[in-house]
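One structure is given here, and the rest of the page talks about it.
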Amino acid sequence: MTDHRSPGFARTAAAAALSLVTLLGAGTAALPAAAAPATGALSATRSAGTSVEVTAVPADRGVVGPDEAVPVRITVENTGTTTVPAGTVSLSYSSRQLQDRAQLDDWLTGADESSTPKWLGQTTAEELRPGERETITTVSIDPEALQLAQTLPAAGSYRMTVHYAADDVSVFERSSFVWRPDEDAAQPEQRVVVAAPVTVPADGVGTIPADDLARYTAVNGTLSRQLDALENRDVAIGIDPRIIVSIRVLGSTAPDAAVDWLERLADIDNEVFPLQYGDADAALTVAAAAENGSALESLPEPGSFEYAIDPANFVDADPGLIPTLDPSPAGRAAGESSATPSATPSEEPAPEPDAEDLPSREQLLDWDYATSSVVWPSSGTVTASGLSVFSGPEGDVDTIVSSAQISPAEGASASAAARVGDAGTLVSDAALSAHLMAAAAAPSAQARDEAVNELSQVLGVIASAPADPSAEPAPLLLTAERSWVDNTSAFGDAVDELAGTDGVTLEGITSLAEDERAAATLTEGSFDADVVAPAAELLAGQDRLTAFSSALDPADADEMLGRERAQLLALLADGWRDDPEGWAAAVAAHETQTKDTLGAVTLVTVSQINVISGQASLPFTVRNDLAYPVTITLSATPDNPRLTVDPETTTTIAAGAHSSLPLGVKARLGNGDVVLSVQLSTESGVAVGEPTEVMLNVRADWEGIGILVLGSLVGLLFVGGLIRTVRRRRAARPVAAAAQAPGDDASTDETTISTGTGTGTDETSTDSTPGETPRG
22 MTDHRSPGFA RTAAAAALSL VTLLGAGTAA LPAAAAPATG ALSATRSAGT
72 SVEVTAVPAD RGVVGPDEAV PVRITVENTG TTTVPAGTVS LSYSSRQLQD
122 RAQLDDWLTG ADESSTPKWL GQTTAEELRP GERETITTVS IDPEALQLAQ
172 TLPAAGSYRM TVHYAADDVS VFERSSFVWR PDEDAAQPEQ RVVVAAPVTV
222 PADGVGTIPA DDLARYTAVN GTLSRQLDAL ENRDVAIGID PRIIVSIRVL
272 GSTAPDAAVD WLERLADIDN EVFPLQYGDA DAALTVAAAA ENGSALESLP
322 EPGSFEYAID PANFVDADPG LIPTLDPSPA GRAAGESSAT PSATPSEEPA
372 PEPDAEDLPS REQLLDWDYA TSSVVWPSSG TVTASGLSVF SGPEGDVDTI
422 VSSAQISPAE GASASAAARV GDAGTLVSDA ALSAHLMAAA AAPSAQARDE
472 AVNELSQVLG VIASAPADPS AEPAPLLLTA ERSWVDNTSA FGDAVDELAG
522 TDGVTLEGIT SLAEDERAAA TLTEGSFDAD VVAPAAELLA GQDRLTAFSS
572 ALDPADADEM LGRERAQLLA LLADGWRDDP EGWAAAVAAH ETQTKDTLGA
622 VTLVTVSQIN VISGQASLPF TVRNDLAYPV TITLSATPDN PRLTVDPETT
672 TTIAAGAHSS LPLGVKARLG NGDVVLSVQL STESGVAVGE PTEVMLNVRA
722 DWEGIGILVL GSLVGLLFVG GLIRTVRRRR AARPVAAAAQ APGDDASTDE
772 TTISTGTGTG TDETSTDSTP GETPRG
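Oh and the sequence shown: position 536 is 557 in our numbering, straight run, nothing missing.
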């Protein structure tokens, strides 16, 4: 091409457009790995400080007929630091036809050293100071003057060279033109499909916040600009379903601009198909699962959106915001809205809608898609194992794959519709897609026209030189990159220019489903290890949460896992590839969130418990910091046979509360320390957290010793009392014997009480004898 690539975007776009033809190979879509334009200069010489860039763009998309001259727009720009004197620009061509895309590629990249000896024309170029540029339109390809009908053997593509010379500056530029000797003959139509994604910046959240939606759908917001460029043009739109869900789930609080944007999307004529939720990279998902040692049977889909629904927002929600499915979840009649506004205003607050009146997952995701059978992974990352997952159980899902990874069978033309094994693929032409993006990024109408002109010329070359001349030209697929709206200013205009090109027919993506799938082979794609490892950890975290959710009520589990799945898919978004640092921070934050959730149900630890009886009930406290009630089982295992533990105990703990779970134990063999390993788990046996070790100080024989000592004391007191009683009785016997008269027959245990009358005084004595008169 030139001896120096200029920083000026206009010349770069035009040069890129012309030289991008170098990336096209005949009968194959196995293009160079880089889809960026390549140079095709034969040679370039210059003095120190001198740099000149030359581009040549034939008008009429480079198609030359038998009756009318076609002007060639030549641009010469001084990109050096010294003045370039006046010079000449010469054009020449070769009568040897380019037979296929491989020859065209060789010619424009310099691998083909063929000469172009036949003269086309010459003109002068003015002196150029540094930074100046001259556009020359005085050179034409005149078929009559050049007698092309006699010199060119047949219709097709031919080599052309542009030579700029000024003193010691000499620059060669390679190009081509298409010769059509019979303008009335039916020309093959080149079918072209253009597809563009509609996404938002990657953020890692399950549903897009209202403030962000308002900003994205404002007049100059990213979603508005994307729809402005694509609306009612022949472009298939791949949309992130998260955008639709995020607007609908807000109900009456959805921003007006967002609701209007959604209505606008529903009214466009474009074919629309869904991307993965959150624009999750399907290829990365498969690679991450393989890193974890598992093979996916299907791509993950979003779960419940209950976590994002506020019932109060659906009291007066727009009835057209949520579609009514047939049959509807609540058994409503077909066509009846799932959210009906109040017929008459009321000062009293409206009651919250019943659960069946809230939008279901299916309603939030529902859309009138042209097809739902397309998967669009990131470019250059598809693997054979991934294709088998993407194609679905019926094999009826097509995967968009970069042509850099696809090689058609020998002798077959590159086609947008191909089959790798049993998997259908839609092959995106990497070179032509890059060419379209260069045209869309052109900073001026002139630069864009030059770029689109060259793109159209390339398409004409492809159509005029098929691998099988008897067959219709194979369809081609051009795709926009994920960040196209930020890197281009005129994507819609570029598509319009392409649509107006003679011999080019733009079609929808569904048209490719009808094409015969030619066999092709896949070159395995890959990701860097520093991308796969974090993604694998995200999937592993989801698996742990899924197992943990068995502690929750099924409805609560669906809500918790729905949030997790939506966030996971958003964290696997293709858009993170342009922001690795932001992705690393988002992944780290999500891993912290996962750990906090898994650690929200915990055992309140105890340093040591003293067991001083043969049997005891140990009180353990479990805390639940989740927003959902959990059903938890507590079990324990001793590290030695001194202690046996009762079977596990289960209880339900309210959200944000704690509960005591008693665990019975029994001492068996003597005293000592026992380490008790206490584990929380779900009823299905899934461990909750790590086991907790509790030290038990077992002194079970203290109870027996205490009873023995107490019994001994009681016994001693009893014996002591008995002895005292006996001794007292023995001491009383001599007194009784002394008081009894000799020969008296009365018993010694009987006490006798006597009563006499004298001077009015009574006297009692235990010593008087019967019949004796007391002394007066």
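All residues carry an ideal CB built from backbone N, CA and C; glycine is no exception.
Keep in mind it's a predicted model, so treat the numbers as computed, not measured.
Look up residue i in the DSSP assignment and give the residues it is bridged to.
{"i": "F326", "result": "According to DSSP, F326 bridges with nothing at all."}
{"i": "I630", "result": "L717"}
{"i": "S428", "result": "T542"}
{"i": "E528", "result": "V214"}
{"i": "L447", "result": "I421 and A438"}
{"i": "S702", "result": "T654 and A708"}
{"i": "P92", "result": "S161"}
{"i": "A301", "result": "A594"}
{"i": "I258", "result": "A217 and V293"}
{"i": "V97", "result": "V75 and E155"}
{"i": "L112", "result": "G142 and V183"}
{"i": "W200", "result": "V85 and G177"}
{"i": "E194", "result": "V183"}
DSSP three-state label for residue i, please.
{"i": "S267", "result": "helix"}
{"i": "V418", "result": "coil"}
{"i": "D5", "result": "An answer regarding residue 5 cannot be provided, because it is not within the stretch 22 to 797 covered by the chain."}
{"i": "S393", "result": "coil"}
{"i": "G620", "result": "coil"}
{"i": "E155", "result": "strand"}
{"i": "L379", "result": "coil"}
{"i": "N508", "result": "helix"}
{"i": "D127", "result": "helix"}
{"i": "T665", "result": "strand"}
{"i": "E148", "result": "coil"}
{"i": "S136", "result": "coil"}
{"i": "T858", "result": "Given a span of 22 to 797 for the chain in the structure shown, any question on residue 858 remains unanswerable."}
{"i": "Y649", "result": "coil"}
{"i": "S681", "result": "strand"}
{"i": "L798", "result": "Nothing can be reported for residue 798, as the shown portion of the chain is limited to 22 through 797."}
{"i": "I483", "result": "helix"}
{"i": "S477", "result": "helix"}
{"i": "G225", "result": "coil"}
{"i": "Q120", "result": "coil"}
{"i": "T673", "result": "strand"}
{"i": "F641", "result": "strand"}
On a Cα-Cα basis, can you pick out the residue from the options that is closest to residue i?
{"i": "T665", "options": "L682, S634 and P650", "result": "S634"}
{"i": "V622", "options": "E153, P230 and G677", "result": "G677"}
{"i": "L717", "options": "N661, G710, V740 and V707", "result": "N661"}
{"i": "V73", "options": "D133, D81 and V190", "result": "V190"}
{"i": "S267", "options": "P230, F739 and L251", "result": "P230"}
{"i": "P321", "options": "A311, Q297, R236 and G314", "result": "Q297"}
{"i": "D10", "options": "A278, V293, S680 and E194", "result": "Given that the chain is displayed from residue 22 to residue 797, the structure contains no residue 10 and the question cannot be resolved."}
{"i": "Y20", "options": "S409, L169, T100 and A287", "result": "Only positions 22 to 797 of the chain appear in this structure, which leaves residue 20 out of reach."}
{"i": "P222", "options": "D694, T652 and L592", "result": "L592"}
{"i": "A175", "options": "L119, A132 and E312", "result": "L119"}
{"i": "V696", "options": "S547, V627 and S449", "result": "V627"}
{"i": "L590", "options": "H611, L684 and A578", "result": "H611"}
{"i": "I530", "options": "Y179, V396 and R689", "result": "V396"}
{"i": "L453", "options": "V552, T500, P659 and T102", "result": "T500"}
Please list, in chain order, all residues of the same chain as residue i whose beta carbon is under 7 Å from its beta carbon, the five residues on each side excluded.
{"i": "N334", "result": "L271, G272, S273 and T274"}
{"i": "I417", "result": "The amino acid occupying residue 417 in the given sequence is Asp; Ile does not appear at that position. Counting only Cβ-Cβ distances below 7 Å, and skipping sequence neighbours, we find S394."}
{"i": "S315", "result": "none"}
Quick check: is the beta carbon of residue i nearer than 8 Å to any beta carbon in chain C?
{"i": "T544", "result": "Looking for chain C here will not work: only one protein chain is present."}
Excluding the 5 residues flanking residue i on each side, which residues of the same chain have their C-beta closer than 8 Å to its C-beta?
{"i": "G620", "result": "G710"}
{"i": "P555", "result": "W604, A605 and V608"}
Excluding the 5 residues preceding and the 5 following residue i in the sequence, name in chain order all residues of the same chain whose CB lies nearer than 6 Å to its CB.
{"i": "Y649", "result": "L573, D577 and A676"}
{"i": "R751", "result": "none"}
{"i": "S477", "result": "R82 and T522"}
- Query: Counting pairs of Cβ atoms below 8 Å between the region 105–123 and the region 131–150, do you hit three or more?
  - Reply: Taking a cut-off of 8 Å for Cβ pairs, the region 105–123 and the region 131–150 touch, as three or more such pairs fall below it.
- Tell me, please, whether the region 213–220 touches the region 231–241 by the rule of three or more beta-carbon pairs shorter than 8 Å. No, the region 213–220 does not touch the region 231–241.
- For the 8 Å Cβ check, are there 3 or more pairs between the region 562–572 and the region 426–439? Too few Cβ pairs lie closer than 8 Å, so no.
- Message: Counting beta carbon pairs with one atom in the region 510–522 and one in the region 445–464, are three or more of them shorter than 8 Å?
- Response: Taking a cut-off of 8 Å for Cβ pairs, the region 445–464 and the region 510–522 touch, as three or more such pairs fall below it.
- Does the region 588–603 come within contact of the region 666–674, defined as at least 3 CB pairs closer than 8 Å? No, the region 588–603 does not touch the region 666–674.
- Message: Counting beta carbon pairs with one atom in the region 121–130 and one in the region 73–91, are three or more of them shorter than 8 Å?
- Response: With the cut-off at 8 Å, the region 73–91 and the region 121–130 do not touch.
- Quick one: any contact between the region 431–444 and the region 533–543, if contact means 3 or more CB pairs under 8 Å? Segments in contact, yes.
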